[in-house]
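Notes to accompany the following structure.
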Amino acid sequence: MPTSQPPPSSGAVRLRAALLRPVQGIASHVVRALTSAAYPIRGIWYFLRHPEFYPLFVGRLLPLSIISFLVYFLLFTFTFLPQFLFLLIFQGRAGALINTTVLVLGEGLVIIQGLFEGFFVDECRVDIFDATLINHELIDLIVPHRVLFLEAPNAVRMLGKPTSRAEYQPWSLVQIIELIVFLPLNLVPFVGTPAFIMITGSRLGKLSHHRWFKLRGLDKKQIKRELKARRWEYLWFGTVAMILELVPILSFFFLLTTAAGAAMWVAKMEGNARIRVGRPISHEDRVYDEEDGPVYEDQV
284 MPTSQPPPSS GAVRLRAALL RPVQGIASHV VRALTSAAYP IRGIWYFLRH
334 PEFYPLFVGR LLPLSIISFL VYFLLFTFTF LPQFLFLLIF QGRAGALINT
384 TVLVLGEGLV IIQGLFEGFF VDECRVDIFD ATLINHELID LIVPHRVLFL
434 EAPNAVRMLG KPTSRAEYQP WSLVQIIELI VFLPLNLVPF VGTPAFIMIT
484 GSRLGKLSHH RWFKLRGLDK KQIKRELKAR RWEYLWFGTV AMILELVPIL
534 SFFFLLTTAA GAAMWVAKME GNARIRVGRP ISHEDRVYDE EDGPVYEDQV
């Protein structure tokens with residue numbers, strides 16, 4: 284008869300757990316980064332699959348997309364070559380080409396954000412965000428904050444006038460100044476452009492759930508707590524969103540699709556939290572989005 288193997292000692296178990304812990308931590312961070320980074324991309328597909336969203340883009344933002352094309356056309360015509368020649372002194376041809384392209388795209392983004400984004404785009408993003416939440420059966424989040432026509436044929440048609448202040452991402456002079464301040468990072472070979480995208484993307488990611496926080500009635504302290512709990516996820520969500528914003532002509536379109544992706548992320552977290560507690564979460568609740576951490580925690 285085969286002899287049975289003796290059970291591993293408690294010391295061996297602890298040693299194995301200690302050796303695996305760093306690997307598990309790295310794997311968890313990778314999974315969380317990939318999951319959050321996927322939402323802006325998933326938002327594109329979600330937007331395209333919902334034709335009721337199309338009038339929001341065509342009616343309001345298509346003219347602005349044409350204007351943005353003119354802005355980028357002028358920048359690439361008159362500023363690209365001088366900046367490319369300057370960077371060519373310090374970098375190779377390929378590096379100078381990539382960094383100059385991102386630099387000019389960033390300059391265009393500063394101009395477009397300063398002139399148009401905060402005043403003309405935000406209302407559309409609020410509508411996309413709210414309609415996506417309604418499609419995910421989170422209408423209770425929206426009802427206290429805007430008139431809803433419940434008999435309408437789709438979520439967009441349901442949306443009436445807001446009854447409280449409605450912002451997807453508040454217009455911020457600080458954000459524009461940050462873009463200007465960090466633009467010179469693109470002059471640094473190799474690491475400059477990724478650093479610029481990730482630094483500015485980190486702030487962009489943190490602003491992506493501003494509407495959700497306000498729908499829940501969070502104050503500044505509670506918002507800061509939520510941002511701290513998901514700062515890793517917001518970094519990667521915002522990085523992908525920032526890359527999409529730098530795409531000429533389509534940048535306004537991607538602003539809307541990213542709003543849809545942000546709402547899909549909210550729907551996932553809300554769904555997980557409500558399963559745990561059996562009720563809609565409130566401003567006193569703490570919501571997480573970590574593979575190994577809690578989804579919900581009451582504040583006492």
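Just so we're aligned, residue 284 is where the sequence shown starts under my numbering, counting upward by one.
Backbone N, C-alpha and C define an ideal beta-carbon position, used for all residues, glycine too.
None of the values given here were measured: they were computed from a predicted structure.
In chain order, what residues of the same chain lie with their CB nearer than 7 Å to the CB of His419, ignoring the 5 residues before and after it?
Numbered from its first residue, the sequence shown carries residue 419 at position 136. Cβ neighbours of His419 beyond the five flanking positions: Ala550.
Practice task
Return the CA-CA distance between Val560 and Phe432, expressed in angstroms with no decimal places.
Solution key: Here residue 560 refers to the residue found at position 277 of the sequence shown. Here residue 432 refers to the residue found at position 149 of the sequence shown. If I take the Cα positions, the gap works out to 29 Å.
N- and C-terminal bounds of the alpha helix (DSSP H) containing Leu345
Stepping through the sequence shown from its first residue, residue 345 is reached at position 62. Per DSSP, Leu345 belongs to the alpha helix (DSSP H) from 345-361.
Quiz item: Does the beta-carbon distance from Thr476 to Pro323 come in below 7 Å?
Solution: Translated into the one-based positions of the sequence shown, residue 476 becomes position 193. Translated into the one-based positions of the sequence shown, residue 323 becomes position 40. No, the Cβ-Cβ distance between Thr476 and Pro323 is not below 7 Å.
Query raised in the report: Does the distance from the C-beta atom of Phe403 to that of Arg494 stay below 7 Å?
Result: Position 120 of the sequence shown, counting from 1, holds the residue named residue 403. Position 211 of the sequence shown, counting from 1, holds the residue named residue 494. It is not a contact, given that the beta carbons lie outside the stated cut-off.
Between the alpha carbons of Arg486 and Val387, how many angstroms are there, rounded? As a position in the sequence shown, residue 486 is number 203, starting the count at 1. As a position in the sequence shown, residue 387 is number 104, starting the count at 1. Their backbone Cα atoms lie some 20 Å apart in a straight line.
**OP:** Look at Tyr451 and Val393 and say whether their C-beta atoms are less than 7 Å apart.
**Re:** Here residue 451 refers to the residue found at position 168 of the sequence shown. Here residue 393 refers to the residue found at position 110 of the sequence shown. For Tyr451 and Val393, no; Cβs fall outside 7 Å.
Kindly give me the distance between the Cβ atoms of Ala320 and Thr522, rounded to whole angstroms, as I take these residues to be in contact under 8 Å.
-> Here the question's residue 320 lines up with position 37 in the sequence shown. Here the question's residue 522 lines up with position 239 in the sequence shown. Yes, Ala320 and Thr522 are in contact; Cβ-Cβ is about 7 Å, under 8 Å.
### Message
Quick check on Asp405: buried or exposed, where buried means 16 or more other Cβ atoms within 10 Å of its Cβ?
### Response
Within the sequence shown, numbered from 1, the residue matching residue 405 stands at position 122. Label assigned to Asp405: buried.
By a C-beta neighbour count over all protein chains shown, 10 Å radius and 16 as the cutoff for buried, is Val385 buried or exposed?
Within the sequence shown, the letter at position 102 stands for residue 385. Buried, since its Cβ has 16 or more Cβ neighbours within 10 Å.
### Buried or exposed (CB count within 10 angstroms, at least 16 for buried), Gly576
The sequence position of residue 576 within the sequence shown is 293, counting from 1. Because the pLDDT of Gly576 is 44, which lies under 50, any placement of that residue in the model is unreliable, and the number read from its coordinates should be weighed accordingly. Exposed, since its Cβ has fewer than 16 Cβ neighbours within 10 Å.
ask   = At a cut of 8 Å, does the stretch 434-453 reach the stretch 489-506 through at least three beta carbon pairs?
value = yes
Considering Pro477, what are the terminal residues of the alpha helix (DSSP H) in which it resides? As a first step, residue 477 is located in the sequence shown; it is residue number 194 there, counting from the start. Element bounds for Pro477: 475-490.
Cα-Cα separation between Lys444 and Val430, rounded to whole angstroms
Indexing the sequence shown from 1 puts residue 444 at position 161. Indexing the sequence shown from 1 puts residue 430 at position 147. Roughly 5 Å separates the two Cα atoms.
* Are Ala556 and Tyr329 touching if we call contact CB-CB under 7 Å? -> As a first step, residue 556 is located in the sequence shown; it is residue number 273 there, counting from the start. As a first step, residue 329 is located in the sequence shown; it is residue number 46 there, counting from the start. In this structure, Tyr329 does not lie closer than 7 Å to Ala556 by Cβ.
- Query: Over what stretch of residues does the alpha helix (DSSP H) that includes Arg559 continue unbroken?
  - Reply: Residue mapping note: residue 559 aligns to position 276 of the sequence shown, counting from 1. 534-560 is the span of the alpha helix (DSSP H), which, as asked, contains Arg559.
Reducing DSSP to helix, strand and coil, say where Arg236 ends up.
-> Coverage of the chain is limited to positions 284 through 583, which leaves residue 236 absent and any answer about it impossible.
| task | Please state whether DSSP places Val385 in a helix, a strand or coil. | result | Translated into the one-based positions of the sequence shown, residue 385 becomes position 102. Helix at Val385.
message = To the nearest angstrom, how far is the alpha carbon of Phe465 from that of Met547?
response = Residue mapping note: residue 465 aligns to position 182 of the sequence shown, counting from 1. Residue mapping note: residue 547 aligns to position 264 of the sequence shown, counting from 1. Those two C-alpha atoms are separated by around 30 Å.
ask   = Can you round the beta-carbon distance between Phe340 and Phe537 to whole angstroms, since I take them to be within the 8 Å contact cut?
value = Against the sequence shown, residue 340 aligns to sequence position 57. Against the sequence shown, residue 537 aligns to sequence position 254. Not really, about 11 Å apart at Cβ, beyond 8 Å.
Subject >> DSSP beta-bridge partners of Pro445 >> reply: Within the sequence shown, the letter at position 162 stands for residue 445. According to DSSP, Pro445 bridges with Arg429.
Where the alpha helix (DSSP H) containing His493 begins and where it ends: If you number the sequence shown from 1, residue 493 lands on position 210. Start and end: 493-499.
Practice item. Report buried or exposed for Ser534, applying the criterion of at least 16 other Cβ atoms within 10 angstroms of its Cβ. Key: What you label residue 534 is simply residue 251 of the sequence shown in a count that begins at 1. Buried.
Requested in this report: Return the CA-CA distance between Leu416 and Leu510, expressed in angstroms with no decimal places.
Outcome: Within the sequence shown, numbered from 1, the residue matching residue 416 stands at position 133. Within the sequence shown, numbered from 1, the residue matching residue 510 stands at position 227. Each residue's alpha carbon lies about 20 Å from the other.
| query | Three-state secondary structure (DSSP) at Ile459? | reply | By 1-based counting over the sequence shown, the position of residue 459 is 176. Ile459 falls in the helix class under three-state DSSP.
- [ ] Flag this pair as yes or no: are the beta carbons of Ile463 and Gln396 separated by less than 7 Å?
- [x] The residue you call residue 463 lines up with position 180 of the sequence shown. The residue you call residue 396 lines up with position 113 of the sequence shown. No, these two residues do not count as a Cβ contact at 7 Å.
ask   = What is the rounded straight-line gap between the Cα of Ala414 and the Cα of Trp454?
value = Translated into positions along the sequence shown, residue 414 becomes position 131. Translated into positions along the sequence shown, residue 454 becomes position 171. For Ala414 and Trp454, the distance between alpha carbons rounds to 22 Å.
Report task. Output the boundary residues of the alpha helix (DSSP H) element that contains Gly521. Result -> Against the sequence shown, residue 521 aligns to sequence position 238. Where Gly521 is concerned, the enclosing alpha helix (DSSP H) stretches over 514-528.
In chain order, what residues of the same chain have a beta carbon less than 8 Å from the beta carbon of Gln366, not counting five sequence neighbours either side?
-> For this step, residue 366 is matched to residue 83 along the sequence shown. Answer for Gln366: Thr383, Leu386, Val387, listed in chain order.
inquiry  = Which of the three DSSP states is assigned to Ala435 in this structure?
reply    = Here residue 435 is taken as the residue at index 152 of the sequence shown, counted from 1. It is coil, neither helix nor strand.
*Integer Cβ distance of Tyr355 from Pro467, believed to fall under 8 Å*: Reading the sequence shown from its first residue, position 72 is the one you call residue 355. Reading the sequence shown from its first residue, position 184 is the one you call residue 467. About 20 Å; that fails the 8 Å criterion.
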